[in-house]
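Notes for the one structure printed next.
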Ligand code: ADP
Ligand code: MG
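Residue numbers (full-length UniProt numbering): 131 to 469.
Spelled out as structure tokens, the structure:
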């Protein structure tokens with residue numbers, strides 16, 4: 131048994147800016163497992179953004195097109211349980227040789243191995259064996275490899291050896307496409323303005339989007355009525371709290387200026403004053419993270435800076451966050467007060 135869920139395919143995985151790199155790498159691997167440069171493939175991103183779906187789509191594709199390939203999907207948690215059981219029953223050798231026979235090994239949610247030294251050590255050996263034999267390894271994680279605290283350095287560096295791609299929050303266009311596709315799959319037609327309303331209101335993750343669609347369908351059939359704007363509004367009111375609390379660039383600037391005790395106008399000015407540069411970079415970082423604005427329009431709101439300055443600012447903060455716990459904490463704090 132490969133533990134794959136056949137429902138997860140490329141056909142029903144919507145491609146968008148938020149997942150393009152990961153999807154195309156996954157698709158390339160699906161056609162040539164083990165022989166692309168993407169080995170291992172590490173997909174990371176927050177909850178409900180499609181990690182499990184994407185890596186299982188790769189697994190299903192390979193399984194369906196190469197009957198002779200042994201594809202194995204396993205959660206990191208299950209791997210650990212099997213490993214511990216094998217020690218308990220004195221069958222570690224069997225455990226190792228089983229994993230070393232796999233052609234395509236997919237491990238979901240490796241962040242769970244943080245601090246689990248023995249599991250990491252064992253996986254390190256399996257990894258090296260498979261990788262050396264040009265077998266495909268695919269992993270997911272809820273954060274970037276460099277942010278995996280409690281993971282051995284040598285393992286972290288293996289994780290980064292192939293391609294690392296992140297899945298981001300779906301943008302408006304992708305959310306719209308996902309809603310349309312899900313409804314189509316259920317054979318349900320709804321007016322475009324309702325789809326638009328839903329896509330605008332639910333900007334967290336795909337799992338939540340699906341949850342809302344399921345509730346909507348349930349409401350519609352319970353009340354024997356069509357899914358219209360009214361029903362959509364009522365349903366959302368009951369499940370998504372503060373559904374219309376969108377973070378705007380103004381609130382980002384207010385909160386950041388307030389925190390650093392500077393004027394909002396300093397953030398928006400062209401000034402290169404030292405006291406303003408760092409808060410401005412933080413505000414740019416948060417604006418990119420929490421709003422839908424493009425780099426260009428973010429630059430516009432910060433004294434008409436060009437998009438490369440914005441990229442530089444965001445990169446600076448993102449690097450600082452990985453190296454400096456204090457700054458990471460500040461950013462997290464600002465972020466949660468904005469949400
Ligand atoms: P994760 O593993 O990142 O937490 P999942 O893969 O479980 O997320 O995805 C959550 C739900 O959203 C699943 O039902 C999945 O099918 C769906 N989903 C996620 N991304 C997409 C996408 N791009 N297109 C279609 N469905 C998606
Ligand atoms: Mg998952």
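Backbone N, C-alpha and C fix where the C-beta goes; we use that ideal spot for every residue, glycine too.
Specify, as a first and last residue, the run of the alpha helix (DSSP H) that residue i falls within.
i	result
residue 222	222–230
residue 145	Counting along the chain, residue 145 falls outside any alpha helix (DSSP H), and DSSP gives it neither H nor E.
residue 161	150–161
residue 133	Residue 133 -> no alpha helix (DSSP H), and no H or E assigned at all.
residue 337	336–352
residue 411	404–420
residue 443	437–453
Can you tell me which of the three DSSP states residue i falls into?
i	result
residue 266	strand
residue 304	helix
residue 167	coil
residue 373	Model confidence at residue 373 stands at a pLDDT of 44, short of 50, so the residue's coordinates are unreliable and nothing is read from them.
residue 138	coil
residue 279	coil
residue 333	coil
residue 233	coil
residue 378	coil
residue 355	coil
residue 425	helix
residue 321	coil
residue 459	helix
residue 392	coil
residue 179	coil
residue 244	coil
residue 219	coil
residue 399	coil
Under the criterion of a Cβ to heavy atom distance below 7 Å, does residue i qualify as lining ligand 1?
i	result
residue 179	yes
residue 175	yes
residue 192	no
residue 150	no
residue 144	yes
residue 273	no
residue 133	no
residue 203	no
residue 337	yes
residue 138	yes
residue 332	no
residue 308	yes
Quick one: does the C-beta of residue i sit closer than 7 Å to a heavy atom of ligand 4?
i	result
residue 340	Ligands present in the displayed structure are limited to ligand 1 and ligand 2, and ligand 4 is not among them.
Tell me the DSSP bridge mates of residue i?
i	result
residue 205	238
residue 430	According to DSSP, residue 430 bridges with nothing at all.
residue 271	174
Which stretch, first to last residue, makes up the beta strand (DSSP E) that contains residue i?
i	result
residue 294	293–296
Residues with a Cβ closer than 7 Å to any heavy atom of ligand 2, in chain order? In chain order, the hits are 181, 182, 238, 239, 270.
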